[in-house]
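Here the protein sequences line up with chains A and B, keeping their order. Quick note on this note's numbering: the first sequence kicks off at 11 and runs consecutively. Quick note on this note's numbering: the second sequence kicks off at 11 and runs consecutively. Cβ atoms here follow ideal geometry from the backbone N, Cα and C, with glycine treated the same way. These numbers come from a predicted model, not from an experiment. Have a look at the structure below before the remarks.
There are 2 protein chains.
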Amino acid sequence: MNICRTKKQLKLAVKQAASQGKSIGFVPTMGYLHDGHASLLRAAREENDVVVLSIFVNPMQFGPNEDLERYPRDEERDLALAASCSTDIVFLPTVEEMYPSKPLTSITVRSVTERLCGASRPGHFDGVGLVVSKLFHLVQPDRAYFGMKDAQQVAVIEQMVLDLDMNVEIVPCPIVREPDGLALSSRNVYLSPAHRTEAAVLSQSLGELAQALNVSSSMTGAQCVALITNKIKETSGEIDYVELLEYPSLRTVAMHIPLDRVLSGQRFIVALAVKFGSTRLIDNALFHVEEVIERV
Amino acid sequence: MNICRTKKQLKLAVKQAASQGKSIGFVPTMGYLHDGHASLLRAAREENDVVVLSIFVNPMQFGPNEDLERYPRDEERDLALAASCSTDIVFLPTVEEMYPSKPLTSITVRSVTERLCGASRPGHFDGVGLVVSKLFHLVQPDRAYFGMKDAQQVAVIEQMVLDLDMNVEIVPCPIVREPDGLALSSRNVYLSPAHRTEAAVLSQSLGELAQALNVSSSMTGAQCVALITNKIKETSGEIDYVELLEYPSLRTVAMHIPLDRVLSGQRFIVALAVKFGSTRLIDNALFHVEEVIERV
Chain A
11 MNICRTKKQL KLAVKQAASQ GKSIGFVPTM GYLHDGHASL LRAAREENDV VVLSIFVNPM
71 QFGPNEDLER YPRDEERDLA LAASCSTDIV FLPTVEEMYP SKPLTSITVR SVTERLCGAS
131 RPGHFDGVGL VVSKLFHLVQ PDRAYFGMKD AQQVAVIEQM VLDLDMNVEI VPCPIVREPD
191 GLALSSRNVY LSPAHRTEAA VLSQSLGELA QALNVSSSMT GAQCVALITN KIKETSGEID
251 YVELLEYPSL RTVAMHIPLD RVLSGQRFIV ALAVKFGSTR LIDNALFHVE EVIERV
Chain B
11 MNICRTKKQL KLAVKQAASQ GKSIGFVPTM GYLHDGHASL LRAAREENDV VVLSIFVNPM
71 QFGPNEDLER YPRDEERDLA LAASCSTDIV FLPTVEEMYP SKPLTSITVR SVTERLCGAS
131 RPGHFDGVGL VVSKLFHLVQ PDRAYFGMKD AQQVAVIEQM VLDLDMNVEI VPCPIVREPD
191 GLALSSRNVY LSPAHRTEAA VLSQSLGELA QALNVSSSMT GAQCVALITN KIKETSGEID
251 YVELLEYPSL RTVAMHIPLD RVLSGQRFIV ALAVKFGSTR LIDNALFHVE EVIERV
């Protein structure tokens, strides 16, 4: 496994692969890897000649009052997991290596960033767009793998790739969950045991919604949101948002008309962000409206 | 000469070149080519295996009251000039091909866009950044060639390439001029005969400034600007701006202190934009301050 700490080392490694006509699969992460990341690495491994993993806690995507400083890090464990997934190249830059001077360039994706985390975390997706754009230019991947837990991130990056004619295929991968349904996240380690137990409510409320929609496609958006909200209110969780939006446009949906009337043939997302103590967790489920509403 | 009208055709042509390990030199233009463009193509020809020219009048970099509709076009003549410079690939997309849907992504470069055309033409450099970024992703050049008549554009693109880790070398090329000094521009065809004669004042005033600075390095910025401004006021030209700034940062300079005291070891630019009738022309000169001030 080739561990690159500088852009120069990475570019050389990538150039060698490209000169041999090898395809490159790329998994950008902030480290503290879990089985969700492993699923991305395995998908990349299956579909490409060379697998590149980046581990970089990107300060530009954290707000001033967010958890940049305490974000969990464990390089040794990350490298062991990377090796166990047959990763070829790991890019492990410092902040100074990625940003030798304060960047004057910003990338903003409008519309898809207006709601959800785009509203709760101002500037977050500009930071994501900047770092992903930099990493794509350094790695020049054929395919890049992202987890659907960050469904809005996937939508933002797909839009950026489309608008900028970036030569990379974005591969969204399913959310990986704990046995009780909690979506894997590096931030789960922050949770107290009591909050960890309660946090299962996120996925469980989405599961109950899926069942309810299966029974009646004529539920309204407002009824869907209320079902989730009421369930979460039975815990100590503090709701940041529970929203139902078109996907991947993330446009708003008429909330008081049955979903099968407003969204025929379309996909929608139910996305939530909830704080347990000082730990903010997100989760979501995608649905497709045909004659009935199916979870996808 | 391979003429590509779609992104798909272009990507195929570029991929073939790359798979043979060939270096790519790229000259992005808005067409109506003149000897300035030819000098870029010749520079690209000398330094690369494959030369790609793009001709695209980019609506995103024109303001609502600018000359998008009447911008001069002559595809046949452009292709003849491209062929005479041994161009290998010409990319000639329509607006619909470049922007199949309204882009939601914008690229903004701060600081270097605050003055000069960045101030006079709001949104102009966002449009330039977007289209150049798209073209770089499509062409994947090793080197890209830009004329120094658009010195601010060069500074903006160099900053974008740096900040986004784009894998391309930006090659600035000298301004090409008519015998009387007028900088070549596709927009010169708009000029009436009388304005065409008067327009030589732009380069002539810059030449006089260079001579004055050669005699006395202790001139202030204000004195330099006044020298140019007074000269232009002898004509019917309507001044948009005459500015003296650091280059390439395009930061302001203390205007009432001798230049050799405020800018030791640095470069500065004197840049002007002047309207003759409805035609807006730009020109500039770069200077370097060592023990004396030298034009570069």
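For this session: Kindly indicate the opening and closing residues of the beta strand (DSSP E) around A:K285.
Result: 277 to 286
Problem set entry | Beta-carbon neighbours of B:V122, restricted to chain D and to distances below 8 Å | Absent from the structure is chain D; the protein chains it does hold are A and B.
Exercise. To which residues of the same chain is A:A210 closer than 6 Å at the C-beta, ignoring the five residues directly before and after it?
Worked result: D190, G191, L192
Exercise. Do you know offhand how far A:V138's Cα is from B:V178's?
Worked result: 22 Å
Exercise. Ordered along the chain, which non-local residues of its own chain (more than five positions away) have a Cβ less than 6 Å from that of A:Q214?
Worked result: G191
Problem set entry | A:K243 classed as buried or exposed, judged by whether at least 16 other C-beta atoms fall within 10 angstroms | exposed
For this session: Taking only runs that begin and end inside the stretch 53 to 129 of chain A, name each unbroken alpha helix (DSSP H) of 4 or more residues, in chain order.
Result: 85 to 94, 105 to 108
Problem set entry | Interfacial residues, the stretch 24 to 38 of chain B to chain A, with Cβ spacing under 9 Å | A28, S29, G31
Exercise. Quick one: is B:H147 near chain A, going by C-beta distance under 7 Å?
Worked result: yes
Problem set entry | Under 9 Å by beta carbon: chain B residues contacting A:N177 | K21, H147, L148, Q150
Exercise. Quick check: the stretch 160 to 173 of chain A against the stretch 104 to 117 of chain B, are there 3 or more CB pairs under 8 Å?
Worked result: yes
Problem set entry | Neighbour list for A:L174 in chain B, Cβ cutoff strictly below 7 Å | T115, S143, K144, H147
Exercise. Around the C-beta of B:H147, are 16 or more other C-beta atoms found within 10 angstroms, so that it is buried, or is it exposed?
Worked result: buried
Problem set entry | Straight-line gap, B:E301 to B:F278 (C-alpha atoms, nearest Å) | 14 Å
Exercise. Alpha helix (DSSP H) containing B:R197: first to last residue?
Worked result: Counting along the chain, B:R197 falls outside any alpha helix (DSSP H), and DSSP gives it neither H nor E.
Exercise. If we call anything under 7 Å between Cβ atoms a contact, is A:L260 one with A:C234?
Worked result: no
For this session: Per DSSP, which residues does B:H298 bridge with? Please list them.
Result: B:R277, B:E304
Exercise. Secondary structure at B:D293, three-state DSSP: helix, strand or coil?
Worked result: strand
Exercise. Exposed or buried, A:S29, counting other C-beta atoms within 10 Å across all chains shown (16 or more means buried)?
Worked result: exposed
For this session: Consider the Cβ of A:T118: report whether some Cβ of chain B lies at a distance smaller than 7 Å.
Result: yes
For this session: Sort B:K32, B:F36, B:A53 by Cα distance to B:V186 and report the nearest one.
Result: B:A53
For this session: Examine the Cβ distances between the stretch 223 to 239 of chain A and the stretch 256 to 276 of chain A and report whether three or more of them are shorter than 8 Å.
Result: yes
Exercise. What's the gap between the Cα of B:M40 and the Cα of B:S64?
Worked result: 8 Å
Problem set entry | Interface flag, B:Q71 vs chain A, CB-CB below 7 Å | no
For this session: Take A:F72 and list the residues in its own chain whose beta-carbon comes closer than 6 Å to its own, dropping the five residues that flank it on each side.
Result: L78
Exercise. Taking C-beta to C-beta, are B:L50 and B:T97 nearer than 7 Å?
Worked result: no
Problem set entry | CB contact flag (B:L212, B:D293, <7 Å) | yes
For this session: Measuring alpha carbon to alpha carbon, tell me which of A:V67, A:V252, A:Y251 ends up nearest A:V141.
Result: A:V67
Problem set entry | Simplified DSSP assignment, three categories, for A:V252 | strand
Problem set entry | Residue nearest to B:T16 in terms of C-alpha spacing, selected from B:E106, B:G128, B:E85 | B:E106
For this session: Return yes when the C-beta of A:E256 is under 6 Å from any heavy atom of the ligand MG, and no when it is not.
Result: No copy of the ligand MG occurs in the structure displayed, which carries no ligand at all.
Exercise. Comparing the C-beta of A:Q169 with each C-beta of chain B, is any distance below 7 Å?
Worked result: yes
Problem set entry | Beta-carbon neighbours of A:K17, restricted to chain B and to distances below 9 Å | D175
For this session: Put B:R131 into one of helix, strand or coil per three-state DSSP.
Result: coil
For this session: Figure out for me which residue from B:V122, B:A154, B:T118, B:F156 has the closest Cα to the Cα of B:G133.
Result: B:T118
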